[in-house]
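Undergrad:
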Amino acid sequence: MTRYFHGGAPGLRRGDLISPRPADDQRHLVDGCPVCEARRAGTPSDYDRDHRFDRIYITTNRLIARGFAAGYPNGALYDVDPIGEIDPDPEHAESFAVPAARVRAKIDGYVILRRGERRKLLQLAAGGSA
Numbered sequence: 013m014t015r016y017f018h019g020g021a022p023g024l025r026r027g028d029l030i031s032p033r034p035a036d037d038q039r040h041l042v043d044g045c046p047v048c049e050a051r052r053a054g055t056p057s058d059y060d061r062d063h064r065f066d067r068i069y070i071t072t073n074r075l076i077a078r079g080f081a082a083g084y085p086n087g088a089l090y091d092v093d094p095i096g097e098i099d100p101d102p103e104h105a106e107s108f109a110v111p112a113a114r115v116r117a118k119i120d121g122y123v124i125l126r127r128g129e130r131r132k133l134l135q136l137a138a139g140g141s142a
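Each residue of the sequence shown is one higher than the one before, starting from 13 at the first, in the working numbering.
1. Suppose you measure from the CA of residue 129 to the CA of residue 75; what does that come to, to the nearest Å?
2. Can you tell me where the beta strand (DSSP E) holding residue 119 begins and where it ends?
3. Please say whether residue 16 and residue 94 have beta carbons closer to each other than 8 Å?
4. Do you know offhand how far residue 90's Cα is from residue 127's?
5. Residue 120 and residue 69: beta carbons closer than 8 Å?
6. Tell me whether residue 133 is buried or exposed, calling it buried when 16 or more other Cβ atoms sit within 10 Å of its Cβ.
7. By Cβ distance, which residues of its chain are closer than 7 Å to residue 115, with the 5 residues on each side in sequence left out?
8. Going by other Cβ atoms of all chains shown within 10 Å of its Cβ, with 16 needed for buried, is residue 78 buried or exposed?
9. Using DSSP with H/G/I as helix, E/B as strand and the rest coil, what is residue 89?
10. Using a Cβ-Cβ cut-off of 7 Å (strictly less than) and excluding sequence neighbours within five positions of residue 14, which residues of its own chain qualify?
11. Using the three-state DSSP reduction, which class does residue 96 fall into: helix, strand or coil?
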């Protein structure tokens, strides 16, 4: 059985449904983050080019999910079950876009990346392996 992770909003519990946010929801935007600042200004960033706002993103790579959680204010890491069709994410080899997911368990309620994790994520982003 494939295990999927989601990094994002804090405060979810077992059984909660994760679905796409409304377009005007800016609670997830982090001050000082270039992608977040571009979204706040209504200017698409390079990251948004292939991002599907009608889906949520899950991954089979726990470190990638931790990276997404750390980019969210007080972000958390979850073990999830995808709901609906699973589409590959063209930007991240081990990530997928799905209409929704259900929380199986909270793994980490407040993700802070360690230096080594940041280095590995940068290697992944550059096309390397972690």
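No residue lacks a Cβ here, since even glycine has one placed at the ideal position from N, Cα and C.
TA: Reading off the structure:
1. 7 Å
2. 112-120
3. yes
4. 21 Å
5. no
6. buried
7. 24, 25, 26, 27, 28, 30, 90, 92
8. buried
9. strand
10. 72
11. coil
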